[in-house]
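Everything below concerns the one structure shown next.
In this note's numbering, the protein residues as written are 85 to 361.
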């Protein structure tokens, strides 16, 4: 890798918009639970098929996804500047932790290593095309990762930089399709995996519409929850009551003519305040 590529954005992402892949926002690619999920995540709506298989430490989680969001944002920023891009990027570990709202203590770096491991070992199979190509093989979220360490003046080793090679499926979607949307930076303040998924789905589907709705059952499938529908409904009602999703207000209503419950997404008014949960 050339020297200028090796130093790609090793300085900072300050001021650049944070981006997410539209397909990753629409479909359940990540575990939303804190405890390791060892069973596969399977989604099939008749048109789109996704199978996510866990590695030794479980499925990659929606918090692990922060690493991908950071990498996608780095590559996108380089594209926006008219610069060359490559599957492999190198960046400061401290900057990733700061931008994604994590601490920068020893434990934060240890958790980051776990995230890299899960992103590499989780296996994805999907029918979703990327730049008119369909993968018929398994792939990990990242092809390879490497931590660059350096010694401090006291002789202590610290994580100076991280080098990640993004999988070809995501790289094609980013570079050829430009399949990205800007996300609200307060997304990283959301501690609940369910809240994060609700924000992603709202961001992907609502767009310029005043209102977007989906049945409770279909929403549960898009979320990728392993909870029974009645428990998912209870969790959702608490989130609706707390009203803590950035940019969007949610409500749960009975469907037409007393039919199945539907979840309503609406744009939040500009003077609304949100306390992330």
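Glycine included, each C-beta is placed from N, C-alpha and C at the ideal position.
So, for residue i: in the same chain, excluding its five sequence neighbours on each side, which residues have a beta-carbon less than 8 Å away from its beta-carbon?
i: residue 153; result: 102, 103, 104, 184, 267
i: residue 244; result: 176, 177, 232, 233, 234
Is it true that the CB of residue j sits closer than 8 Å to the CB of residue i?
i: residue 144; j: residue 197; result: no
i: residue 116; j: residue 307; result: yes
i: residue 206; j: residue 229; result: no
i: residue 344; j: residue 300; result: yes
i: residue 146; j: residue 111; result: no
i: residue 325; j: residue 106; result: no
i: residue 338; j: residue 298; result: no
Distance check for residue j and residue i, CA to CA, integer angstroms please.
i: residue 167; j: residue 190; result: 34 Å
i: residue 159; j: residue 173; result: 8 Å
i: residue 249; j: residue 151; result: 12 Å
i: residue 362; j: residue 341; result: The structure shown does not extend to residue 362, since the chain spans only 85 to 361, so no value can be given for it.
i: residue 323; j: residue 274; result: 11 Å
i: residue 232; j: residue 201; result: 15 Å
i: residue 179; j: residue 155; result: 12 Å
Tell me which residues share the same chain as residue i and place their Cβ nearer than 6 Å to its Cβ, disregarding the 5 neighbours each side in the sequence.
i: residue 350; result: 295, 333
i: residue 210; result: 134
i: residue 214; result: 253, 256, 257
i: residue 280; result: 146, 274
i: residue 95; result: Low confidence applies to residue 95: its pLDDT is 44, below 50, so where it sits in the model is not reliable enough to give any reading.
i: residue 282; result: 329
Quick test of your reading: residue i and residue j, contact by CB under 8 Å. State the CB separation rounded to the nearest angstrom.
i: residue 109; j: residue 285; result: 7 Å
i: residue 321; j: residue 336; result: 6 Å
Ordered along the chain, which non-local residues of its own chain (more than five positions away) have a Cβ less than 7 Å from that of residue i?
i: residue 87; result: The predicted position of residue 87 is uncertain, since its pLDDT is 40 and thus under 50; a value taken from the coordinates is nonetheless stated next. Answer for residue 87: no residue qualifies.
i: residue 140; result: 205
i: residue 251; result: 223, 224, 225, 226, 227
Segments of 3+ residues assigned as beta strand (DSSP E) that fall wholly inside the region 272-355: 295-299, 332-339, 343-351
List in chain order: all unbroken beta strand (DSSP E) runs of 3+ residues lying wholly within the region 191-273. Segments of the beta strand (DSSP E) lying fully in the region 191-273: 207-210, 226-235, 241-250, 264-266.
Run through the region 115-179 for me and flag every whole alpha helix (DSSP H) of 4 or more residues, listed as ranges in chain order. 149-164
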